[in-house]
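Chemist: Line by line, the protein sequences are chains A, B, C and D. Here the numbering used here is used: the first residue of the first sequence is 75, the next is one more, and so on. Here the numbering used here is used: the first residue of the second sequence is 75, the next is one more, and so on. Here the numbering used here is used: the first residue of the third sequence is 75, the next is one more, and so on. Here the numbering used here is used: the first residue of the fourth sequence is 75, the next is one more, and so on. Below is the structure I would like to discuss, written out as structure tokens.
Number of protein chains: 4
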Amino acid sequence: MIVVMKKGASAEVVQDMVRRVEGMGLKAHVIQGTERTVIAAVGEKRNGERETLESYEDVEKVVPILAPYKIASREVKPDPTVVEIGSFKAGLGHIGVIAGPCSVESEDQIMSVAADVKKAGATALRGGAFKPRTSPYSFQGLKEEGLQLLAAAREATGLAVVTEVMTPGQVELVANYADVLQVGARNMQNYNLLQAVGETLKPVLLKRGPSATMEEFLLAAEYILDQGNKHVMLCERGVRTFETHTRFTLPLASVPYLQEKTHLPVIVDPSHGTGKASLVPPMCTAAVAAGCDGLMIEVHPNPHQAVSDGAQSLTPEAFQHTMQQCRKVAEVLGYTM
Amino acid sequence: MIVVMKKGASAEVVQDMVRRVEGMGLKAHVIQGTERTVIAAVGEKRNGERETLESYEDVEKVVPILAPYKIASREVKPDPTVVEIGSFKAGLGHIGVIAGPCSVESEDQIMSVAADVKKAGATALRGGAFKPRTSPYSFQGLKEEGLQLLAAAREATGLAVVTEVMTPGQVELVANYADVLQVGARNMQNYNLLQAVGETLKPVLLKRGPSATMEEFLLAAEYILDQGNKHVMLCERGVRTFETHTRFTLPLASVPYLQEKTHLPVIVDPSHGTGKASLVPPMCTAAVAAGCDGLMIEVHPNPHQAVSDGAQSLTPEAFQHTMQQCRKVAEVLGYTM
Amino acid sequence: MIVVMKKGASAEVVQDMVRRVEGMGLKAHVIQGTERTVIAAVGEKRNGERETLESYEDVEKVVPILAPYKIASREVKPDPTVVEIGSFKAGLGHIGVIAGPCSVESEDQIMSVAADVKKAGATALRGGAFKPRTSPYSFQGLKEEGLQLLAAAREATGLAVVTEVMTPGQVELVANYADVLQVGARNMQNYNLLQAVGETLKPVLLKRGPSATMEEFLLAAEYILDQGNKHVMLCERGVRTFETHTRFTLPLASVPYLQEKTHLPVIVDPSHGTGKASLVPPMCTAAVAAGCDGLMIEVHPNPHQAVSDGAQSLTPEAFQHTMQQCRKVAEVLGYTM
Amino acid sequence: MIVVMKKGASAEVVQDMVRRVEGMGLKAHVIQGTERTVIAAVGEKRNGERETLESYEDVEKVVPILAPYKIASREVKPDPTVVEIGSFKAGLGHIGVIAGPCSVESEDQIMSVAADVKKAGATALRGGAFKPRTSPYSFQGLKEEGLQLLAAAREATGLAVVTEVMTPGQVELVANYADVLQVGARNMQNYNLLQAVGETLKPVLLKRGPSATMEEFLLAAEYILDQGNKHVMLCERGVRTFETHTRFTLPLASVPYLQEKTHLPVIVDPSHGTGKASLVPPMCTAAVAAGCDGLMIEVHPNPHQAVSDGAQSLTPEAFQHTMQQCRKVAEVLGYTM
């Protein structure tokens, strides 16, 4: 941690600060610059020293040196984490493909789309049974019935089931049916939920909050990992910016960036990331070319009849074509898909 | 709802879309423009018609005419809602002042700060017992003990108690001690929590999520109101932007904007909105001058020893001076504080 | 244009507005909704009617139906524009590659890098002679001497020369040496400059401003096109968001989005878009997979000695490898590179 | 400057970096942390050392300690700069008020509005003669005729004239008529223009670019100051964020923040900052309460007939009332207006 003193801080003021730094159990090195004095505080424990030091008036700013996350960090675990469930595999050059409707709507719908995405090459099935909706007047999901339908679709196709859990009280129920517990973007900093899914030891798909920084995203993963659950997949699904021509802005550079910083697999969701079906296929091939460890794609047998997210859902035909293009790109770049 | 067709949409395509609009129970008016055809769909029920219509390829875009929220809307209830708890009053020209530490840390701390803020003119006490923290390694709150200390401080000072609840399972416990249930910014779209606090009928302070639009913010309030709880206060606490010199960017224009759109009181939190103690006092007077219905301010007897948010906490002395300035502004503008 | 009246607008108020709409030479259709009245105004001329109508108190909002740009629009010219200069070709499945240093620094530097990028497959050379720098204390470019060196490098390699022009007064000079006039991101809305480059009829590379919307970007192109210059290339180079781990946020979905809306070629600059050399290669392959019409990449013989942008420059070796990967992706997707 | 080495950097690698730092004429202090090594480089000259050091692969990041601007900095000149032109005075507790139409449209319009704003208490007149417009199809200003009308209005009222200059070639002409040269938000990083207005020694009003950081804003001012022109006023006019209910997001905390960092007066423009006439008055009083050194407000005798920005213009009556409220707030807080 580097404590930058305000200009003109007197020798006593600096000495006081050194004592405070040492009082935290850190070693203090004073460096006298030409315009300012800085104190390098060695031994940072990542537990609030920064905020405390920043509260002093004579301190201009405090610059942390260490990343605030540990278990999620590639420095701590250099080997990539691979999440594998049946034929689904994400990490180390394997690209897992999670496809399916936004919401589970009926037996017909989910069985038909499961068969379609399986045929096209998906290895996991997505579908919401508990749906977080911006408006209280929108469809809120089939709940347990939806979970049962997902399990039936798994039975029929062998696809791993990925579905969202919204509150700690639902974790047990959802974990009974799902292979992967999804934590939605709106809940990325719902810490009680993160701890609850962390306790299950089921693989977790953690979606990035629309205004989460990389540090906040990795710290949310850290909450889960800290409970002993090692199977966390990070999902980039777009961030909120001034752009309005897409639903969110999909920053694909977060794929290689995260892969430098963490060992966890990085999945990309171009459906939410763009919000427009016509933009999804090129963003799928782009995500593969960026080196992602997986894709999450909304597919609906009839997007016009979808109860949610119809505008961003691919038809089974469009999905099949997208998969073909993605596989071509994966192949020439040496990835398995 | 206005359905804008793509350029060159044929008469049949338009007719098909008219049939779909009518199939939703809406009345369709076709308007032939010089370059495009649009269909005005009258009778919008705010339940997903827009998304469905946008999923058609021949549709350029769908423009909603009605706001998606209803109960929160000033059109539905033109009279301002006033939230009143003992001497705390927010709305209709009354400015409620909620002050206190980020976290409840000890009996001494909370009793001392409660006495100080009461003396300076606050009408409610804030203090976190359950703390949502970005890092799992940060202090997570005193939990029930913190609630008990808050209740003791209320006993001693008469201040209303405002404290955060993080998950539906905590609502009953927190409601036993608190006068106002706070839903934090990270949980603004935690719909299970919104419904749970909505069921209690206790006043709720709903903080704006750092990337929530005004519509999303009002729809989150709608989730609470929809459960029959009429006492919702909206709290602007800053949004996430590219700016880094402040913790968040505090957009005070949301005060008059929200007051045009909703009858609910609008509280401003300049502590989180700026993240820097030196910027808090001018943002407090500015919020009052912008017409806010309340302020929420972090005050700590010794900011350097705060376990959280020390850098943005005012000392009791600074708070007292800030209150004096705010009262001057309130008075000349005709507000009660 | 759809004029949405405020709730409760009386019949007279609506009639007044109809008269105003008609006074603008537009046809007015009144649609009586269940909650609001809207007036569809047909015949929009894109010259300020919207702002005028929005200034009335009884108007809730005005929704434009037509895009504000015309010549840039694919509706007006469905065929893609191809920009071709010698072996450089961008558009219609051809991917032009512009590579070179941020700044021209010396004859040795530019000749060496030109030879290197040519060998690796670039078809144009970039290099700044006039440099817009955030700080007045940074290197501001070699100016005319830099232009002469670029021309010498073209002589030696046959690469087309792309270089920035910063002010109308420089246009003639720069046009004497360059094949493509670059308008930088900071000047995207420098309208005098846009008109001046529009008058030259030289191809223009227009970089997106870091907070420009798609409409503003296309309107900036429209300023150039409106002068009769048909050879405009759009360059996505990242936008400013709350993300700080990259220099800018590179939204690749703007590639297919722009290609839907405009006939102009879309170039991607992953060097500025990320600001980090390690992230540039995956963003290059991703841009190709997203269907871009060209790449613009910073390459420096020795990034550690670059006078500007060293941290985001590729070495010639890294560039060569990146080109190989890009060509593989281009080939399987059917593009020429 | 603090150079943070990557984890596991060997002693040789660190030694190499020390040599490079010393090769730049800086003093290097090596600090061995528990997890990382950092090198404090003392003697920073603010001319690109940071970028160079960041280009090394073994470097995790480089943290600058000094602000990149100098002449604009309050550390260099602790006394506030006061800009005074006739009765207009901004700085040191004096609030200058610049009011008038977006564009000069006619003699009648500008003479009438000048008289009105003068009567209400404005001390300077704004009005665009050269107009930067997003669309090439919008009104582009009366040009020199507009300047002549502004000068006539000054003659009649004694108000100082503030008007925009768009390109270096116009500076001489505009300076002949104007008292204050305005550099618009779109031109904040048009460095040739900044240098040209810097050479005139006329007071300059520099508007913040909609995505400019505070550092970029102050560095833009530095370009002007560096030419010897000491009379620069900074104008906060809102930034671009995800918010769409206002035209821009107006971050009033930049007022006290800038006043901590720089001696230059800070003006607030709530008209562009909100884009809606109804939000302008509360944002004016809020800006005064935040401690601003001036206001810039669009006023039009008939907003519905304004050729530009009608929706955000106040009527003369609304302006007069706003001024009364602002003066009340200024008075109780001890400012002169």
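Note that the Cβ used here is the ideal one computed from N, Cα and C, for glycine as well.
Can you tell me whether Ala-102(C) is buried or exposed, with buried defined as 16 or more other CB within 10 angstroms of its CB?
Modeler: As a position in the third sequence, residue 102(C) is number 28, starting the count at 1. When all chains shown are included, Ala-102(C) counts as buried.
Chemist: Less than 8 Å between the C-beta atoms of Val-157(D) and Met-307(D), yes or no?
Modeler: Within the fourth sequence, the letter at position 83 stands for residue 157(D). Within the fourth sequence, the letter at position 233 stands for residue 307(D). Their beta carbons are under 8 Å apart, which means Val-157(D) touches Met-307(D) by this criterion.
Chemist: Which value, in whole angstroms, describes the spacing of the CA atoms of Lys-81(C) and Tyr-265(C)?
Modeler: Here residue 81(C) is taken as the residue at index 7 of the third sequence, counted from 1. Here residue 265(C) is taken as the residue at index 191 of the third sequence, counted from 1. In a straight line, the C-alpha of Lys-81(C) is about 40 Å away from that of Tyr-265(C).
Chemist: Which of the three DSSP states, helix, strand or coil, is assigned to Arg-311(C)?
Modeler: What you label residue 311(C) is simply residue 237 of the third sequence in a count that begins at 1. For Arg-311(C), the three-state secondary structure derived from DSSP is coil.
Chemist: Indicate whether the contact test is met: 3 or more Cβ pairs, each with one atom in the stretch 182–192 of chain B and one in the stretch 269–278 of chain A, closer than 8 Å.
Modeler: no
Chemist: Evaluate contact between the stretch 250–266 of chain D and the stretch 290–302 of chain C, counting only Cβ atoms and requiring at least three cross-stretch pairs below 8 Å.
Modeler: no
Chemist: In chain C, what lies closer than 8 Å to Thr-318(B) by C-beta?
Modeler: Within the second sequence, the letter at position 244 stands for residue 318(B). Under the 8 Å cutoff, chain C gives Thr-318.
Chemist: Quick one: which chain B residues come within Cβ less than 9 Å of His-305(A)?
Modeler: Residue numbering aside, residue 305(A) sits at position 231 when the first sequence is read from its first letter. Near His-305(A) there are no residues of chain B at all, since even the closest Cβ is about 17 Å away, more than 9 Å.
Chemist: Which same chain residues, not among the five before or five after Pro-330(D), have their C-beta less than 8 Å away from its C-beta?
Modeler: Walking along the fourth sequence from the start, residue 330(D) turns up at place 256. For Pro-330(D), where only same-chain residues beyond five positions count, the Cβ hits under 8 Å are Ala-364, Gly-365.
Chemist: Beta carbons nearer than 8 Å to chain D: which residues of the stretch 382–397 of chain C have them?
Modeler: Ser-382, Asp-383, Gly-384, Ala-385, Ser-387
Chemist: Please confirm whether Gly-99(D) has its beta-carbon closer than 8 Å to some beta-carbon of chain C.
Modeler: Translated into the one-based positions of the fourth sequence, residue 99(D) becomes position 25. Closer than 8 Å: no.
Chemist: Taking 7 Å as the line, does the beta carbon of Lys-81(B) fall inside it for any heavy atom of the ligand ATP?
Modeler: The ligand ATP is absent from the structure shown, which contains no ligands of any kind.
Chemist: Would you tell me roughly how many angstroms separate the C-alpha atoms of Val-239(A) and Ala-203(A), rounded to the nearest one?
Modeler: Position 165 of the first sequence, counting from 1, holds the residue named residue 239(A). Position 129 of the first sequence, counting from 1, holds the residue named residue 203(A). Each residue's Cα considered, the two are about 9 Å apart.
Chemist: What does Lys-81(D) touch in chain A if you count any residue whose Cβ is under 7 Å from its own?
Modeler: The residue you call residue 81(D) lines up with position 7 of the fourth sequence. Under the 7 Å cutoff, chain A gives Glu-149.
Chemist: According to the neighbour-count rule (16 or more other Cβ atoms, all chains shown, within 10 Å of its Cβ), is Ser-177(D) buried or exposed?
Modeler: Counting from one through the fourth sequence, the residue named residue 177(D) turns up at place 103. Result: buried.
Chemist: Evaluate Arg-93(B) with the Cβ neighbour count: other Cβ atoms within 10 Å of its Cβ, from every protein chain shown; 16 or more gives buried, anything less gives exposed.
Modeler: Within the second sequence, the letter at position 19 stands for residue 93(B). By the neighbour-count rule (16 or more Cβ atoms within 10 Å), Arg-93(B) is not buried but exposed.
Chemist: With a threshold of 8 Å between beta-carbons, can Ala-364(C) be considered close to chain B, or not?
Modeler: One-based indexing of the third sequence puts residue 364(C) at position 290. Not an interface residue.
Chemist: Give the DSSP bridge partners of Arg-200(B), in chain order.
Modeler: Residue 200(B) sits at position 126 when you count from the first residue of the second sequence. DSSP lists Val-236(B) as partners of Arg-200(B).
Chemist: Using the Cα positions of Ala-252(D) and Glu-273(D), report the straight-line distance between them to the nearest angstrom.
Modeler: The residue labelled residue 252(D) in the question sits at position 178 within the fourth sequence. The residue labelled residue 273(D) in the question sits at position 199 within the fourth sequence. Straight-line Cα distance between these residues: approximately 15 Å.
Chemist: Listed in chain order, which residues of the stretch 270–298 of chain B have Cβ atoms closer than 7 Å to some Cβ of chain C?
Modeler: none
Chemist: By the three-class DSSP mapping on this structure, what secondary structure does Phe-291(B) have?
Modeler: Mapped onto the second sequence, residue 291(B) falls at position 217. In the structure shown, Phe-291(B) sits in a helix (DSSP, three-state: H, G or I).
Chemist: Extract the residue ranges of the beta strand (DSSP E) inside the stretch 349–382 of chain A, only unbroken runs of 3 or more that lie entirely within it.
Modeler: 368–372
Chemist: Mapping the DSSP letters down to three states, classify Ala-259(C) as helix, strand or coil.
Modeler: The sequence position of residue 259(C) within the third sequence is 185, counting from 1. Here Ala-259(C) sits in helix by DSSP.
Chemist: If the criterion is Cβ atoms closer than 8 Å, does the pair Leu-326(A) and Ala-295(A) meet it?
Modeler: One-based indexing of the first sequence puts residue 326(A) at position 252. One-based indexing of the first sequence puts residue 295(A) at position 221. Against a cut-off of 8 Å, the Cβ pair of Ala-295(A) and Leu-326(A) comes out as no contact.
Chemist: Thinking C-beta only, is Leu-233(D) closer than 8 Å to Ala-196(D)?
Modeler: If you number the fourth sequence from 1, residue 196(D) lands on position 122. If you number the fourth sequence from 1, residue 233(D) lands on position 159. Result yes, Cβ atoms of Ala-196(D) and Leu-233(D) sit closer than 8 Å.
Chemist: Let me know the alpha helix (DSSP H) ranges lying completely inside the stretch 178–225 of chain C, each 4 residues or longer, listed in chain order.
Modeler: 181–194
Chemist: For chain C, is any of its Cβ atoms less than 8 Å away from the one on Ser-212(D)?
Modeler: Taking the fourth sequence and counting its residues from 1, the one referred to as residue 212(D) is at position 138. Yes, its Cβ sits closer than 8 Å to a Cβ of chain C.
Chemist: Would you be able to state if there are at least three C-beta pairs under 8 Å between the stretch 380–389 of chain A and the stretch 99–113 of chain B?
Modeler: no
Chemist: Is there a Cβ of chain C sitting closer than 8 Å to that of Arg-200(D), yes or no?
Modeler: Sequence index remark: in the fourth sequence, residue 200(D) carries index 126 (1-based). No, no contact with chain C.
Chemist: Mind listing the chain D neighbours of Glu-238(B)? Cutoff is C-beta to C-beta under 7 Å, in chain order.
Modeler: The residue you call residue 238(B) lines up with position 164 of the second sequence. Going along chain D, no residue has its Cβ under 7 Å from Glu-238(B), so there is no contact; the nearest lies around 24 Å.
Chemist: Return the chain-ordered list of same chain residues with a C-beta closer than 8 Å to the C-beta of Glu-181(A), the five sequence neighbours on each side being excluded.
Modeler: In the first sequence, residue 181(A) corresponds to position 107, counting from 1. If we look at Glu-181(A) and ignore the five residues flanking it on each side, its Cβ neighbours are Leu-223, Ala-226.
Chemist: Strictly by DSSP, which residues pair up with Phe-393(A)?
Modeler: Here residue 393(A) refers to the residue found at position 319 of the first sequence. Per DSSP, none; premise fails for Phe-393(A).
Chemist: In angstroms, rounded to a whole number, what distance separates the CA positions of Pro-284(A) and Gly-312(A)?
Modeler: Here the question's residue 284(A) lines up with position 210 in the first sequence. Here the question's residue 312(A) lines up with position 238 in the first sequence. Roughly 6 Å separates the two Cα atoms.
Chemist: Taking Cβ positions, are Tyr-297(B) and Gln-269(B) nearer each other than 8 Å?
Modeler: For the purposes of this step, residue 297(B) is taken as the residue at position 223 of the second sequence. For the purposes of this step, residue 269(B) is taken as the residue at position 195 of the second sequence. Closer than 8 Å, so yes.
Chemist: I'd like the span of the alpha helix (DSSP H) that includes Glu-125(C), first residue to last.
Modeler: By 1-based counting over the third sequence, the position of residue 125(C) is 51. Looking at the DSSP string, the run of the alpha helix (DSSP H) that includes Glu-125(C) is 123–128.
Chemist: Would a C-beta distance cut-off of 8 Å place Ala-164(B) and Gly-368(B) closer than the cut-off?
Modeler: Sequence index remark: in the second sequence, residue 164(B) carries index 90 (1-based). Sequence index remark: in the second sequence, residue 368(B) carries index 294 (1-based). Going by C-beta atoms, Ala-164(B) is nearer than 8 Å to Gly-368(B).
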